[in-house]
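Asks:
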Amino acid sequence: MTESREPNTEQQEEWQPKIIGFLCKWCSYAGADLAGGSRIPYPANIRIIRVPCSGRVNPLFVLKCLENGADGVLVSGCHPGDCHYSEGNYYARRKFAVFKKLLEYLGVDPRRFQVSWVSAAEGEKWAEIVKTVVEEVRAAGPNKQLSAPVDKCSGAPVKRKHLKND
Amino acid sequence: MRIGVFVCHCGTNISGTVDVAKVAEVARGMPRVKFATDYRYMCSEPGQNLIKDAVKKHNLDKIVVASCSPSLHERTFRKCVEGAGLNPYQMEMANIREQCSWVHHDKKEGTKKAIDLVKMAVAKVGKDVPLKRMRIPVEKKVLVIGGGIAGIQAAIDVSMAGFKVVLVEREPSVGGRMARFDKTFPTLDCAACILTPKMVTVAQNDNITLYTYSEVEEVSGYVGNFEVKIRKRARSVDMDKCTGCGICYGKCPTKVPSEFDMGLGKRKAIYVPFPQAVPNIPVIDRKNCIYFLREKCKICQKVCPPGAIDYEQEDEIIKEKFGAIIVATGFTLFDHSVYGEYGYGKFKDVVTGLHFERMANASGPTGGKIVRPSDGREAKDVVFIQCVGSRDEQKGLPYCSRLCCMYTAKQALLLKEHNSEAQAYVFYIDIRAAGKNYEEFVRRVQEEYGAVYLRGRVSRIFEKDDMLIVRGADTLSGAQIEIKADLVVLASGLIAQPDARKMAQMLGISYDKNNLFTEAHPKLAPVETVTAGIFLTGACQSPKDIPDTVATASAASVKAIGLIAPDELTLEPLVAKVNPDICSGCLACLQVCPFSAIEKEDVKDRLTKEMKIVAKVIESVCHGCGACSATCRVGAIDIAGFRDEEILAEVEAIT
Amino acid sequence: MTEVLKPGSSEPPENIYLPHLAAIKEIREETQDIKTFKLVFQDEELRKSFTYKPGQFIEFSIFGVGESPFCLASSPTREGYIECSIKKMGKVTQAIHDLEEGDIVGIRGPYGNGFPVEEMKGKNLIFVGGGIGLAPLRSLIWNVIDRRDDFKDVIIVYGSRSIADLVYKDELKQWQNTPGVKLTLTVDPGGEAEDWKGEIGFVPTILEKVNPSPGNSLVITCGPPIMIKFVLVTLNKMNFSSQQIITTLERKMTCGLGKCGRCNIGSVYVCKDGPVFTYAQIEQFQEEI
Amino acid sequence: MIKRLQEKVGKLLREKKVALVIGYEMAGDGISTTPCFIEREDEVERLVWNEHCVYNLSRYLIETRELASSPSPKIGVVAKGCDVKSIIGLIQENQIKRDEVVIIGMECEGQFDVEGERQFKVEGLKLKDKDKDKDKEGKLLEKCKACEVHIPKVYDLLIKDDRNSGAPEPQSPEVNAYAQVEELEGKSQEERWQYWKKEFARCIKCYACRQVCPLCFCPQCIADQTLPQWISPSPSLKGNTTWNIVRAFHLAGRCIDCGECERACPMKIPLRKINKKLGKEIKEMFDYEAGLDSEAKPPLADFKLEDPEEFIR
Amino acid sequence: MTEKIVSKEDLKKILEGLMKTSELLAPGKEGDLVLFKPVKNPEEVFFAYPNSLKPVKEFFFPPREELFKHEIREGKVGLSSEHQENRKRVIWGVRPCDAKSLLMFDKMFDGEYKDSYYLEKRAKSVLVGLACNEPLDSCFCLSLNAGPHAKEGLDVLITDLGDDSYLVEGITAKGEELFQGCGKESGEGERTRKKELEEAAKKKIRKTCQPPPDLESFFEDPYWEKVSRKCISCGVCTYLCPTCFCFDLSYEGRDCIRFWDSCSFSPFTKMTSGENPRREKKTRYRQRVYHKFSYFKKNFGEIACVGCGRCLRECPVKVDIVEIVNQCSKDKTKD
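Protein chains in written order, with this note's numbering: chain Z, 5 to 170; chain G, 23 to 677; chain S, 36 to 324; chain R, 23 to 335; chain L, 5 to 339.
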């Protein structure tokens, strides 16, 4: 069921980029944990989704995020050679290399989709990357591309009429 | 569906930055959430009891715990909800500490983010399906492939723990390379003295079945349940009847170069490779035996007192099941004939370190004398050249073979011990002596035994007046050097066995570009492979000296024992699953699976009733990495616990 | 020349796609994957005015997820609520199974022709059901039991894969105890338990054993296609004519209004002209059922 | 050429080497051709070959798979050099077996754009003399201009062009196959977005692009799935864009550039321009080209340690 | 019914006027394609087209239409539905075949269950027809009770007389209203000219569609397997067909939407259980043919085809439905 958003009191507030991160649970997620454990502050714009491996991240996830209105997506995994599953990140690297080229070619702002390697020891790096990505996405502005509202068949203005309500 | 949300204060760790009461309050309004509360320490016993009580009281079936990182307490809370009678995999954690309260300082912002994180967890748990841990029976037996020191040690260790082991060796005797050595660095124990007792143990231990002159031919199955075909090659000698008296090879008229002695000595067509061989039972080399070549002779059969010679014997195929496999297939030497400067392997008196070992060995072909193979004259001036093949990306290997520095030093020492007149010259690039007492040893060789160490490469070796002229540079002095040598000993690098790649493919383990087997993780899983249940020891993984080899053998044994000790394997259910109805059979998943956990299957389509190819997951082999799922274009393969639907629910929850 | 049609000019006509809101009053777990949902319309007027026939169906809407057709399992003789028994199969049914009492859903309908209850009066009725196929029959069975005098003997043969898969377990007992109603239960071989008192065997076999007479009788059957197929063979053997056999057909019925174009069999739209057909009608169809 | 094609196909059928041959016949308009399925020897006269045989018939191989496993096992398919690439792709992805197909390779000098007639009167475009007519280049399909496989790389039978008997294989003109892609690459990000937005807005989700594609063989396209719903089924700018991105990505490293998607699209969305771009990138980044080797690992199911990663932080 | 002669200039003025008072839709070029779109400038209105790529059905039965929205707050559900403003809509340049197709839509969307979304749009629209002087080879309207100058379903018909003047024939009051106060009476010469044009156009239509009377008995014929073989099961023919109306309903977020669907697609009839009565391609193709030439006729008294020829022109593999329908009777007699 689609729950309606909370009353939009925030609308007046300044726009804040919304970023979704897909982090592999062995390296990057642990890196983010380390950033937490080390109390390294970074912007609160990112929401992390934990995945087993960067190789698990289907490029369609990224597309879904952008389509649903996320302003940026960050996929982060282990450095090459460090993958817990030995090769997952290599496959991810290929997929995202191609996918990124595709999005760019279609005119999607490249800042909206980023990839990083962050190890479990790189808490600092994680915080830095979040900062950078947030700033870049902020500069890119609200995502009006893939999440553009649907176009109406004809441009006729509409009036809304409540029919049923309890 | 009735979801319960439990928000942890973590003392003030979370509540300092996040308004936990507000989070719980908002959570109460989330779809399908029937109960939400906050508590000071959720992971504490009262905290866990709070969850259990709420499950009962509010009839909850799915749980969200908003607290710290799942890396820390996922196990705790899974156990907790399991204790409450729920499926442990219908619990999700929202990491509002590491990802929120500890990194954000603004309470309003922190609270807002914490709410989002809870929302995601609620959305995910809503899609979670109950999962069951998998249990599979385990064959309590270990296969060790390779009967060198690595395999011997592994077999002994496993057998000592009370488990059955099958040790397969392709040579007629176990012992491997180490059996050829004279003494071992840095302690100079006699190799035979320390190895032979182990070889005997292998032969005599009831838990160990030894198949020599045998090879592994096929491996199928998966962790806990490997099915292996072993080819026991025909020895032409009945092992049960043979007493090892040795009359047969005493009388055999055919002499051929001995492989064991690196061609420096001879053996018969019926032979044991070396006196201490285990089993001490000869084998007929059918390629050279007169009977097998011309159907004549039969002398050995005539002289054999127990009548053990059996010319009709055939290869035997043994099929056995194993719970774990230890791979100890060892190494071979780099072929230096690629190097023109060392004479392309054509000069008889340019030999490898292993030749030197055989000569130095008192029971070897020269009776312990270091001689020139060309004329048998005792060698006086001997040049050792290091890094032959190693660390040479152009013609040789990119890596360092690790033990050449040490064995060269040892051989320089042995040279002097065998002949006090002799002089050793060692051309080296760097000395790598990074083991316990290694550096001291090398220094002793130089200082006490007078070995001359020259830093530099040899540019050419040529023959002159039945001597070898070794021309090189001493880069330290900058001088050009020419040494007139009786013998040149090359410290050839260690490389993978010629059939290593075939072996890896048969086992379904990965190998690097040098055909060395790849460990599952270089640091944290150095003896595991990506294929569950298959472990590595010794030089088949990377060049290792004896101490390291023995250490990895014991490590691999412990891993194998740990695997087969329980009656059943309990596996996490977070594995891939194929929907055969929509699988297109392109098998891209099979190609990306790092664990070979996917196989091709022919099935009848449920609806069209036509035969088709689909992918099938071997659940006990799958690690749940998800590479298959992300590669599948149809979305026919999904990862339990991280299903597409669950991940997309998280996305949708916050967008 | 044709004039353009004129809808009512002031008020827009009723929106045929807009569901009525209904609250889930009660959820009963029938089997592991079947639940019965009792629904009460939010609108009080509608609660009174909503009438339907056994065999009709509704479009059940989970807002934001989707809409699916389900037959009405309740009897119109029990007023004030409707009931649907729903098996967990796909996206919508899964979402329905996740619902809790008190949740609000959307209902459009009733649609379809329903069973010819009037024609059944004064006749012996033989109900043959399998699995969840009992749901539409239940509507009719209660209807018959509640007006017991209008009908003659009632025979019910109902089977499922196993005891656990039988639906309406409590009601089966009530039917059994109703005078003039003969209920035979069966489970597939292997689906029984030690204390099972019913039959063991597939529905067509048991039907043959029950051996109802075709005289002044109608057979109403509903269940998995494979069951129906063999039930027909059995009935044929017992000399039932195809006019005497009534069943409901299943198709993907998206709109329920005969408009969306997918549930037709020939020129007949299952959602509008069905889903109840006599076997005589079905025999006329060219497409395979 | 047609004569020999008919003879060879007749022989295949007569000798029961194939159960069915998929080829081209004249369409009702007397200009274009249409796919046809020949099962009997006496039907071979329907077969034609000309510059309007644009369809990639390998698409039908999957549907006839069932037939291929019946007693008379093989399916013959008339294939141009480019079509053979998709046959290789199908073998590579286990959709068909090489020994179940008889590839009747056609030497092809390029296909003409019959579709030029669309919307307007059918006139002017008549089957002209086989001799080189002046505006041939002008009518040549875009994809044919940079063709490198006038003679298929793999075939069981080859029907050579009569005119070229003995002549060396026609040389590909020096054409930049990626000119259109590069032109678009040269534009600004915003310009590219506006361009594609306008194109995708027209999409009516008829899925002709998918249905005509020889490599879109999934039993249930991801676009038709509801659990989860990856792509909204209705045509809207948002859903259309997603669909087109997914379609292109799912063909990355697999598309053999037959251009059928773009040709089939009634709304004339320049789909080939996207596929081509991905082909270019994959060639540059991973040194892989689709449709050349049925034994090769697909590039997205493969990796090299030294794969590019400048885009990764 | 009045007839008038208007000049090109007059038409432009009328268009300009309509733009202000109504929503005006007319054909325009988009690259090589001719599509109906809102008119922003009368200059862009394109007259010289055989027919638009998409039929005008999209303005009554949009490819995607929001039916209602839902909102859930604290367990309560609110539903709201949008209704388009009742502003007059003029669709300019409708070909007679497309106009006729709308009469079939009327039958579908009216009846026992009245589809307000369709009917509202229908009621507020005025159809200005443009007679076909240059039909295409693929047109076959004549054999289906229609024709290049047919008036059925239109409110007004314009015929281009070729000399920058147009004959305007009012058909309904709604239509005549648009041309009030402009142009001049038509003369005999002009009427003759129009007749000539009509006859000439009719002569150009050589393709005929002659469904056999015994189509029903053909249902199980292996013919369908054979003729459907090359069909690729895409939705081109159905989506571009002016008489195809199949649709699907779905929720997208908070919107309940209706959108085009096609009987060519395999999932169209696939049930959740996986069962699919029309899984085989042949059954789907047969459904399309039978729906048009048999079922619709049975239910509504006429063949659901107007002979616009779009399906022939746009089919990616040149499946010729007319040929298939005509042939199936011949085949019958042959066997």
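Positions of the beta carbon are idealized from the N, C-alpha and C atoms, including for glycine.
(1) Please classify residue 410 (chain G): is it buried, with 16 or more other beta-carbons within 10 angstroms of its beta-carbon, or exposed?
(2) List the endpoints of the continuous beta strand (DSSP E) containing residue 385 (chain L).
(3) In the segment 569 to 630 of chain G, which residue ranges form an unbroken beta strand (DSSP E) of at least 3 residues, counting only runs that do not cross its ends?
(4) Using a beta-carbon distance cut-off of less than 8 Å, what residues from the segment 54 to 83 of chain L approach chain S?
(5) Rounded to whole angstroms, what's the CA-CA distance from residue 324 (chain G) to residue 316 (chain G)? Just pull it up for me.
(6) Should the segment 114 to 125 of chain Z be called in touch with the segment 62 to 79 of chain Z, which here means at least 3 C-beta pairs below 8 Å?
(7) Within the same chain, show all residues whose beta-carbon is closer than 8 Å to that of residue 370 (chain G), passing over the 5 residues directly before and after it, in chain order.
(8) On the DSSP bridge assignment, give the partners of residue 514 (chain G) in chain order.
(9) Give me the chain Z residues within the contact set of residue 652 (chain G), using Cβ-Cβ distance strictly less than 8 Å, ordered along the chain.
(10) DSSP beta-bridge partners for residue 255 (chain L)?
(11) Is there a C-beta anywhere in chain L that falls below 8 Å from the one on residue 23 (chain S)?
(12) Would you please state the rounded distance, in angstroms, between the beta carbons of residue 85 (chain S) and residue 121 (chain S)? I believe it to be under 8 Å.
(13) With a cut-off of 8 Å on the beta carbons, I'd call residue 127 (chain R) and residue 276 (chain R) a contact; round off their distance for me.
(14) Measuring alpha carbon to alpha carbon, tell me which residue in S:251, S:266 and S:129 is nearest residue 192 (chain S).
(15) Determine the direct distance from the alpha carbon of residue 87 (chain Z) to that of residue 662 (chain G), and round the result to whole angstroms.
(16) If we cut at 8 Å on Cβ distances, does residue 239 (chain L) have a partner in chain R?
(17) Let's see if you can read the secondary structure: which residues bound the beta strand (DSSP E) around residue 232 (chain G)?
(18) In the segment 92 to 111 of chain S, which residues sit with their C-beta less than 9 Å from some C-beta in chain R, listed in chain order?
(19) How is residue 152 (chain R) classed by DSSP in three states: helix, strand or coil?
(20) Three-state secondary structure (DSSP) at residue 203 (chain L)?
(21) Using a Cβ cut-off of 8 Å, pull out every chain G residue sitting near residue 135 (chain S), in sequence order please.
(22) Tell me whether residue 87 (chain Z), by its Cβ, gets closer than 7 Å to a heavy atom of the ligand SAM.
(23) Name the residue from S:142, S:278, S:204 and S:294 whose alpha carbon lies nearest to the alpha carbon of residue 75 (chain S).
(24) With which residues is residue 60 (chain G) paired in a DSSP beta bridge?
(25) Could you please give me the residues that DSSP links to residue 171 (chain Z) through a beta bridge?
(26) Let me check understanding here. Comparing Cα to Cα, which of G:70, G:352 and G:314 lies closest to residue 334 (chain G)?
(27) Please report the distance separating the alpha-carbon of residue 658 (chain G) from that of residue 267 (chain R).
(28) Going by other Cβ atoms of all chains shown within 10 Å of its Cβ, with 16 needed for buried, is residue 149 (chain L) buried or exposed?
(29) What residues of chain C sit near residue 121 (chain Z), judged by a beta carbon separation below 7 Å?
(30) Would you call the segment 176 to 194 of chain L in contact with the segment 17 to 25 of chain L, where contact means no fewer than 3 C-beta pairs closer than 8 Å?
(31) Output needed for residue 268 (chain L): all residues of its chain with C-beta closer than 8 Å, excluding positions within five of it in sequence on either side, in chain order.
(32) Could you give the uninterrupted runs of the beta strand (DSSP E) lying entirely in the segment 41 to 85 of chain R, keeping only those of 3 residues or more?
(33) Could you run through the segment 307 to 326 of chain R and flag, in chain order, every residue whose CB is less than 8 Å away from some CB of chain G?
(34) What does residue 121 (chain G) touch in chain Z if you count any residue whose Cβ is under 7 Å from its own?
(35) Any Cβ of chain S within less than 8 Å of the Cβ of residue 247 (chain L)?
(36) How far does the beta strand (DSSP E) with residue 110 (chain S) in it reach, from first residue to last?
Replies: Reading from the atomic positions:
(1) For this step, residue 410 (chain G) is matched to residue 388 along the second sequence. Buried: at least 16 other Cβ atoms inside 10 Å.
(2) A query on residue 385 (chain L) cannot be resolved here, the shown segment of chain L reaching from 5 to 339 and no further.
(3) Assignment of beta strand (DSSP E) within the segment 569 to 630 of chain G, counting only whole runs of 3 or more residues, yields 590 to 593, 598 to 600 and 620 to 626 in chain order.
(4) Here the close residues are 71, 72, 74, 76, 79, 80, 81 and 83.
(5) As a position in the second sequence, residue 324 (chain G) is number 302, starting the count at 1. As a position in the second sequence, residue 316 (chain G) is number 294, starting the count at 1. Taking the straight line from one Cα to the other gives about 17 Å.
(6) Contact holds: three or more Cβ-Cβ distances are below 8 Å.
(7) In the second sequence, the residue the question calls residue 370 (chain G) occupies position 348. Correct list, in chain order: 394, 395 and 396.
(8) The sequence position of residue 514 (chain G) within the second sequence is 492, counting from 1. According to DSSP, residue 514 (chain G) bridges with G:410.
(9) The residue labelled residue 652 (chain G) in the question sits at position 630 within the second sequence. The contacting residues are 59, 60, 61, 62, 63, 95, 96 and 99.
(10) Along the fifth sequence, read from residue 1 onward, the residue named residue 255 (chain L) stands at position 251. Per DSSP, L:260.
(11) Outside the modelled stretch of chain S, which goes from 36 to 324, sits residue 23 (chain S), for which no answer is possible.
(12) By 1-based counting over the third sequence, the position of residue 85 (chain S) is 50. By 1-based counting over the third sequence, the position of residue 121 (chain S) is 86. That belief does not hold up - the Cβ atoms of residue 85 (chain S) and residue 121 (chain S) are roughly 19 Å apart, past 8 Å.
(13) Locating residue 127 (chain R) in the fourth sequence gives position 105, counting from the first residue. Locating residue 276 (chain R) in the fourth sequence gives position 254, counting from the first residue. Actually they do not touch by this definition, with Cβ atoms about 21 Å apart.
(14) Mapped onto the third sequence, residue 192 (chain S) falls at position 157. If we check each option's Cα against that of residue 192 (chain S), S:266 comes out closest.
(15) Within the second sequence, numbered from 1, the residue matching residue 662 (chain G) stands at position 640. Within the first sequence, numbered from 1, the residue matching residue 87 (chain Z) stands at position 83. Straight-line Cα distance between these residues: approximately 20 Å.
(16) As a position in the fifth sequence, residue 239 (chain L) is number 235, starting the count at 1. It does: the Cβ of residue 239 (chain L) has a partner Cβ on chain R nearer than 8 Å.
(17) Taking the second sequence and counting its residues from 1, one reaches residue 232 (chain G) at position 210. Counting along the chain, the beta strand (DSSP E) containing residue 232 (chain G) begins and ends at 230 to 233.
(18) Legend: CB atoms of the segment 92 to 111 of chain S lying less than 9 Å from CB atoms of chain R belong to residues 101.
(19) What you label residue 152 (chain R) is simply residue 130 of the fourth sequence in a count that begins at 1. Residue confidence for residue 152 (chain R) is low, a pLDDT of 34 falling below 50, so the modelled location carries little weight; the figure read from the coordinates is stated next. The three-state reading of DSSP puts residue 152 (chain R) in coil, since its state is none of H, G, I, E or B.
(20) Reading the fifth sequence from its first residue, position 199 is the one you call residue 203 (chain L). Residue state, collapsed to three classes: helix.
(21) The residue given as residue 135 (chain S) occupies position 100 in the third sequence. The contacting residues are 23, 24, 54 and 56.
(22) Absence of the ligand SAM is noted for the structure shown, with no ligands found whatsoever.
(23) Here residue 75 (chain S) refers to the residue found at position 40 of the third sequence. Closest by C-alpha distance to residue 75 (chain S), out of S:142, S:278, S:204 and S:294, is S:142.
(24) To locate residue 60 (chain G), count along the second sequence from 1; it is residue 38. Partner(s): G:29.
(25) For chain Z, the structure presents residues 5 to 170; residue 171 (chain Z) sits outside this window and is missing.
(26) By 1-based counting over the second sequence, the position of residue 334 (chain G) is 312. Looking at the Cα atoms, G:314 is the closest of the given residues.
(27) Taking the second sequence and counting its residues from 1, the one referred to as residue 658 (chain G) is at position 636. Taking the fourth sequence and counting its residues from 1, the one referred to as residue 267 (chain R) is at position 245. Cα to Cα, residue 658 (chain G) sits roughly 19 Å from residue 267 (chain R).
(28) Walking along the fifth sequence from the start, residue 149 (chain L) turns up at place 145. Classification of residue 149 (chain L): exposed, given that the 10 Å Cβ count is below 16.
(29) Of the protein chains in the structure, Z, G, S, R and L, none is chain C.
(30) With three or more CB-CB distances shorter than 8 Å, the segment 176 to 194 of chain L counts as touching the segment 17 to 25 of chain L.
(31) Here residue 268 (chain L) refers to the residue found at position 264 when the fifth sequence is read from its first residue. Same-chain partners within the cutoff: 235, 237, 238, 239, 241, 242, 288, 289 and 292.
(32) Runs found: 42 to 48 and 55 to 60.
(33) Contact residues of the segment 307 to 326 of chain R toward chain G are 319, 320, 322, 323 and 324 (C-beta to C-beta distance below 8 Å).
(34) The residue you call residue 121 (chain G) lines up with position 99 of the second sequence. For residue 121 (chain G), the chain Z residues whose C-beta falls within less than 7 Å of its own C-beta are 36, 40 and 52, listed in chain order.
(35) Along the fifth sequence, read from residue 1 onward, the residue named residue 247 (chain L) stands at position 243. Closer than 8 Å: no.
(36) Mapped onto the third sequence, residue 110 (chain S) falls at position 75. Element bounds for residue 110 (chain S): n/a, residue is neither H nor E.
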